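Working notes, beginning with the structure itself.
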Amino acid sequence: MNKLQAMEVFIQVVDAGGFTRAAENMQLPKATVSTLIQSLEASLSVKLLNRTTRHVSITSDGAAYYERCVRILSDVREAEESLSRTRLSPSGRLRVDAPTALASELIIPALPDFFARYPDISLELGCSDRPVDLIEEGVDCAVRGGELGDLNLIARRVGVLHFMTCASPGYLAHHGTPLHPDDLSRHRGVNFFSAKTGKTFDWDFTRAGERIQVAMPSHIALNDSNAYSAAGLAGLGIVQMTHFMLAPLIEQGKMVELLGEWESDPLPIHVIYPPNRHLSAKVRVFVEWVADMFTNHPATQLKGKSSPASARATLTEAQP
Numbered sequence: 001m002n003k004l005q006a007m008e009v010f011i012q013v014v015d016a017g018g019f020t021r022a023a024e025n026m027q028l029p030k031a032t033v034s035t036l037i038q039s040l041e042a043s044l045s046v047k048l049l050n051r052t053t054r055h056v057s058i059t060s061d062g063a064a065y066y067e068r069c070v071r072i073l074s075d076v077r078e079a080e081e082s083l084s085r086t087r088l089s090p091s092g093r094l095r096v097d098a099p100t101a102l103a104s105e106l107i108i109p110a111l112p113d114f115f116a117r118y119p120d121i122s123l124e125l126g127c128s129d130r131p132v133d134l135i136e137e138g139v140d141c142a143v144r145g146g147e148l149g150d151l152n153l154i155a156r157r158v159g160v161l162h163f164m165t166c167a168s169p170g171y172l173a174h175h176g177t178p179l180h181p182d183d184l185s186r187h188r189g190v191n192f193f194s195a196k197t198g199k200t201f202d203w204d205f206t207r208a209g210e211r212i213q214v215a216m217p218s219h220i221a222l223n224d225s226n227a228y229s230a231a232g233l234a235g236l237g238i239v240q241m242t243h244f245m246l247a248p249l250i251e252q253g254k255m256v257e258l259l260g261e262w263e264s265d266p267l268p269i270h271v272i273y274p275p276n277r278h279l280s281a282k283v284r285v286f287v288e289w290v291a292d293m294f295t296n297h298p299a300t301q302l303k304g305k306s307s308p309a310s311a312r313a314t315l316t317e318a319q320p
């Protein structure tokens, strides 16, 4: 038995909450995972996991051993990387998750620079606005917009998102132009709802210390940023979306900015990863790269338009 491999498998089983998910994450046969755990328990003469047909839980001895395994493997990887860092670039598969809009509009267009720097990394980029469980789904790190719901994750703030209130020229021609947030009660909006709770988010506006919250009348609510943009372009109502998505549409005359004097606080962007997962070289360089990219991108810097709270749902819902 390879003791280090068995320790790694044990950590993965605990993190994933089962043998099947751990085997998928490590791309190993489930039988191999089970055999390694059995061999590890036999060599230690200790039961590490309680198993039933539906559930796997860690024993008290297993919990203590888990913490030691995490530290040991972290030290081993750090030692290996310290020797190879000067002569080898980071390599291997890197699994990252990001909200659809941030991925398609900001991250993917910048990836040629990332691969030019780190050609030996193979990136698997999950793009969706749904909540993702990093540990259960074997994701190395994720980019998230909004306040973080899981305080057990390590988070690094890398930028902010700014939002605009807009509508299509066709919508405004039929329904008129709101000049104040109070006018919105006589209009239709495209709302965004939580994929986790189903709740529709209110809109709020701030100007010179005055804050107004609006429950926007709507014929349609969505939970995907691309579909949300399409609904605005189709004239289904007023929308609140990220500046970087709507600015090109405004320049092309497809959308018109509204209530430009009203603002809300910017929405933070974080890169997050599990605390018990060693920050490998490939994860570390991606975190540094994406932090530098967002910090220097005009659409995600602190200055500029700020973000209405309701529009925060567009990217917040990707939180784990």
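So for the sequence shown, the UniProt record's numbering puts the first residue at 1; every next one is plus one. Each residue gets a CB set at the ideal place from its N, CA and C atoms; glycine is no exception. As the structure is a prediction and not an experimental result, all values here were calculated from the model.
Using DSSP's beta-bridge definition, name the partner residues of M241.
According to DSSP, M241 bridges with M164.
Please return the same chain residues whose Cβ sits closer than 7 Å to the Cβ of E41, not counting the five positions on each side in sequence.
K47, L48
For D292, which three-state DSSP category applies?
Of the three classes helix, strand and coil, the one that applies to D292 here is helix, per DSSP.
Assuming contact is defined by CB atoms lying nearer than 9 Å, are P275 and L153 in contact in what I supplied?
yes
For E105, the first and last residue of its enclosing beta strand (DSSP E)
Looking at the DSSP string, E105 is not in any beta strand (DSSP E), and its letter there is neither H nor E.
Expected contact under 8 Å - CB spacing of C141 and Y273 to nearest Å
4 Å
Along the chain, where does the beta strand (DSSP E) containing V96 start, and where does it finish?
From DSSP, the beta strand (DSSP E) with V96 extends over 92–98.
Going by the DSSP bridge assignment, what does W262 pair with across the sheet?
Answer is none; W262 lacks a bridge partner.
S89 in three-state terms, based on DSSP
coil
Cα-Cα, which of P248, G253, L36 is closest to L172?
G253
Using 9 Å as the threshold, is the C-beta distance between D224 and D97 below it?
Taking C-beta atoms as the reference points, D224 and D97 fail to come closer than 9 Å.
Count the C-beta pairs between the segment 206–214 and the segment 223–243 that are closer than 8 Å, then say yes if the count reaches three, no if not.
Verdict: no, contact absent.
Between the CA atoms of E136 and T20 - distance to the nearest angstrom
11 Å
In chain order, what residues of the same chain lie with their CB nearer than 8 Å to the CB of K199, ignoring the 5 residues before and after it?
The answer, listed in chain order, is F193.
Which two residues bound the contiguous beta strand (DSSP E) that contains N191?
189–192
Check this for me: beta carbons of L28 and F10, under 9 Å apart or not?
no
Of the choices Q301, V256, V287, Q213, whose alpha-carbon is the least far from that of L184?
Q213
N- and C-terminal bounds of the alpha helix (DSSP H) containing N226
225–233
In the DSSP assignment, find the alpha helix (DSSP H) that holds S185 and state where it starts and stops.
For S185, there is no enclosing alpha helix (DSSP H), since its DSSP letter is neither H nor E.
On the three-state DSSP scale, how would you describe G145?
Here DSSP, grouped into helix, strand and coil, assigns G145 to strand.
For E257, which option in N25, S168, Q301, W289 has the closest C-alpha, if you only look at C-alpha atoms?
S168
Could you check how far apart the C-beta atoms of E8 and L111 are, in whole angstroms? I think they sit under 8 Å.
Not really, about 29 Å apart at Cβ, beyond 8 Å.
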